[in-house]
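In the working numbering, the protein residues as written are 1 to 447.
In structure tokens:
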């Protein structure tokens, strides 16, 4: 048997030699720079998520600013899911073939340039008809960046961190994306308070500044894909090549159960994130409250992920935590869909969406780590990356279906009033039409 001892930042392994009776000591070293690389990946994930979700909490104001309907506003979010499918496979291949640094640099520059380009759409002198296409192009570039940085955490954890730190490293890097969503849900509604969106440029420049900071840190600070010496014995071993890994995944039934169930959970979260403002504002809730609900969902999720990540690092009870978290997320999500149909239920709505975040995010980093465990020796980026691709594909389907099922508000709700953009949607020239998202009914039955 091997004898392991862990002390500080080093792990010593004493193994019986097969050729002699003497013990051979081998030391595995971890390096402090791993925390800097982890921070860069976190910052890129945060900034990319902020770019992604910028317009969701102010969908009504965005429609007014760019003279488009609600569907085109939703496309600004949907493009991230669409691009992540083909670029998800590309990101897995880049990570496994060219390494962690190449993936980080690609994501950093695509995200930085995309964020900067969005500002061009609001420059004075730009023709109104060109504003939305320029904005969408910037969103698309940032969307292409997302898989390269979202798939990186498991690779970073495997190559740079000791075995007893991997789940925690995965948790920190994986939760950076929802932390970016939280930040955008708080900052954007606070900065964009006008009905016509004239203050949207200020919010865009904030996102651009954060994105370009990550770009510079990645370019000049991340100098190698791997540490000088491996942190664990498993980090020394070569992973399966990309195509060979895909073939093995296709035959792994346990992995596909995890892939489909995790993907469904991620898709539901993505849909909530995209439509939260549009779900709540027709019932009289303001953009600020919708942003608060989004922030509470993420804050609760980060708490749940931290607790579950630490617990699984110690107990290794991957399956139990995932099952418990999934059940809790389903119940909280169902409760929110019912509460969101009611007016003047701010506390209940906020509580339900917070609990959805707590349980839903608890399984995110654990599923990432479990995907690596059940598919070894398939490369980490391939197994965990396909989980995210599954979530994005299912997210595209759910968003399009929900968009199709949404119905015009009843005359009663319109008469009572909505919270959309402080009443801007009531203008005769409004581009944004509030819809009913929380129930299905036939418009010809409305009295």
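Glycine included, each C-beta is placed from N, C-alpha and C at the ideal position.
What you are looking at is a predicted structure, and each value in this text was computed from that prediction instead of being measured.
Here DSSP, grouped into helix, strand and coil, assigns residue 227 to coil. Check the Cα spacing between residue 187 and each of 47, 344, 385 and 29: the tightest is with 47. Annotation: residue 52 to residue 320 spans about 32 Å, alpha carbon to alpha carbon. Here residue 103 is near residue 148, since their CB atoms are less than 8 Å apart.
A check of alpha carbon separations from residue 197 across 271, 215, 253 and 121 identifies 121 as the nearest.
In the structure shown, residue 354 falls within a helical segment according to DSSP collapsed to helix, strand and coil. Listed in chain order, the non-local C-beta contacts of residue 140 below 8 Å within the same chain comprise 79, 83 and 114, local neighbours out to five positions each way being set aside.
Counting along the chain, residue 309 sits inside the alpha helix (DSSP H) bounded by residues 287-315.
Beyond the five residues adjoining it in sequence on each side, residue 81 comes within less than 6 Å, by CB distance, of 392, 395 and 396 in the same chain, given in chain order. Sequence-distant Cβ neighbours of residue 189 in its own chain, meaning closer than 7 Å and more than five residues away, are 57, 58, 287, 288 and 291. Considering only 385, 298, 245 and 327, the residue with the shortest C-alpha distance to residue 86 is 385. If you look at residue 139, you'll find it in the alpha helix (DSSP H) that goes 128-150. Between the beta-carbon of residue 300 and that of residue 334 there is about 17 Å, and that puts the pair past the 8 Å contact cut. Contiguous alpha helix (DSSP H) elements confined to the region 325-373 occur at 346-362, taking only those with 4 or more residues.
Collapsing the DSSP output to three states places residue 199 in coil. If you look at residue 265, you'll find it in the alpha helix (DSSP H) that goes 253-280.
Counting along the chain, the unbroken alpha helix (DSSP H) around residue 96 starts and ends at 70-97. The C-alpha of residue 277 is placed about 26 Å away from the C-alpha of residue 123.
In the three-state reduction of the DSSP assignment, residue 124 falls in the coil class.
Pairing residue 252 with residue 372 gives a Cβ-Cβ distance that is not under 8 Å. Boundaries of the alpha helix (DSSP H) around residue 185: 176-191.
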